[in-house]
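Here is the structure we will look at.
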Amino acid sequence: MEKLVKYTVKERIAYITINRPEKRNALNESLVQQLKTTFYKAEKDHNAKVIVLEAEGEVFSAGADLAYLQKLQANTANENLADSHQLRELFSAIYFSEKITIAKVQGHAIAGGCGLVTVCDFAFTQTEAKFGYTEVKIGFVPALVALFLIRKIGEGKAKDLLLSGRLISADEALSLGLVNKIIAVEQLDEEVNQFAKQLCIETSANAVAITKNLIQKVQTMNSEDALIFAAKTNAQVRSTEDFKKGVDSFLTKTKLTW
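So this is what it looks like as structure tokens:
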């Protein structure tokens, strides 16, 4: 099988690299499967504390490739459902990861490629990058990403992007909350690496995992249930070793490196 995804770990940062630059890192069955498997690997890797999703070449990902789209037309209903679940599992692996995920977007992120950006916790991009969920323009539906995009930027803004299929600039992506920061392309690697290193040093992995779980769950609860769940989480965390270590450092004014 062609190796479409590279995986390296350096200084507790796992780098998952889409490696299909000759096809503008377009998604197909093999790439989705390899990305999913690699995210599972990073999740279990005790040497990795933060995950960076990046891509080779000038484009982050152009979405589904043409050969893949043609194949979908010949699929049976069951084959299409199974294929859809593969993408669902990939998005879930990223979004529900206990580790912080960062998208390093060095070029355009379109359709499914923009979906990958959406499900990451943070996204950093360069000035010239374009973003868009263009599915409706070819009679397709951005079904899987819709849930995550609505959570990320709200229903009204998500409708604008999902129903129009329009491309937006990095500046507009920043104003909408789709990305966190715009960086000159020649500085993108260094800025993302420094941010990831800072997270490794300054945050408790246990606290991060619990906080991510809290953020994900309270959104589907009513206010009272969410507050009860938050109170239980607050109480349970107080008995963890990381909490005791952090409080001791604060009280004794000693520098703590996680």
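The numbering of the sequence shown is this note's numbering, which starts it at 274 and goes up by one.
Positions of the beta carbon are idealized from the N, C-alpha and C atoms, including for glycine.
Compute the distance between the beta-carbons of residue i and residue j, then report whether it is under 7 Å.
| i | j | result |
| --- | --- | --- |
| Lys377 | Val465 | yes |
| Ile441 | Phe404 | yes |
| Ala287 | Ser334 | no |
| Gly388 | Val418 | yes |
| Thr398 | Gly438 | no |
| Asp515 | Asn479 | yes |
| Ala321 | Ala328 | no |
| Tyr341 | Asn301 | yes |
| Ile373 | Leu461 | no |
| Ala366 | Phe413 | no |
| Ala232 | Asn353 | Beyond the ends of the chain as shown, which are 274 and 531, falls residue 232; an answer cannot be given. |
| Leu535 | Leu304 | Lying before the first or after the last residue shown, residue 535 is absent from the chain, which here runs from 274 to 531. |
| Val491 | Ala482 | no |
Which first and last residues belong to the alpha helix (DSSP H) in which residue i is found?
| i | result |
| --- | --- |
| Phe421 | Ala416 to Ile426 |
| Glu316 | Glu302 to Lys317 |
| Glu275 | No alpha helix (DSSP H) holds Glu275; DSSP gives it neither H nor E. |
| Val510 | Ser496 to Val510 |
| Leu354 | Ala350 to Tyr368 |
| Ala299 | Counting along the chain, Ala299 falls outside any alpha helix (DSSP H), and DSSP gives it neither H nor E. |
| Phe523 | Glu514 to Thr525 |
Whole angstroms is fine: what's the gap from residue i's alpha carbon to residue j's?
| i | j | result |
| --- | --- | --- |
| Ala299 | Pro415 | 16 Å |
| Arg511 | Phe523 | 15 Å |
| Thr484 | Thr310 | 24 Å |
| Lys279 | Lys344 | 26 Å |
| Arg361 | Thr281 | 24 Å |
| Asp444 | Asp433 | 16 Å |
| Glu295 | Thr525 | 55 Å |
| Ala504 | Asn351 | 43 Å |
Excluding the five sequence neighbours on either side, which residues of its own chain have a C-beta within less than 8 Å of the C-beta of residue i, listed in chain order?
| i | result |
| --- | --- |
| Thr391 | Val418, Phe421, Leu422, Lys425 and Leu451 |
Compute the beta-carbon to beta-carbon distance between residue i and residue j, rounded to the nearest angstrom, for a pair I have assumed lies under 8 Å.
| i | j | result |
| --- | --- | --- |
| Ile375 | Asp394 | 7 Å |
| Leu363 | Leu326 | Incorrect: roughly 11 Å between the Cβ atoms, too far for contact. |
| Gly336 | Gly385 | 5 Å |
| Phe369 | Gln489 | 7 Å |
| Gln306 | Gln346 | With 8 Å as the limit, Gln306 and Gln346 do not qualify as a contact, their Cβ atoms being about 20 Å apart. |
Grab me the residues of residue i's own chain with a C-beta within less than 6 Å of its C-beta, minus the 5 sequence neighbours each way, in chain order.
| i | result |
| --- | --- |
| Glu331 | Gly380 |
Among the residues of its own chain, which have a CB less than 7 Å from the CB of residue i, if the five just before and after it don't count?
| i | result |
| --- | --- |
| Thr476 | Trp531 |
| Ala469 | Ile286, Val323, Val325 and Ile375 |
Hey, could you find the ends of the beta strand (DSSP E) residue i is sitting in?
| i | result |
| --- | --- |
| Gly385 | That residue, Gly385, is in no beta strand (DSSP E); its alpha helix (DSSP H) goes Gly385 to Val392. |
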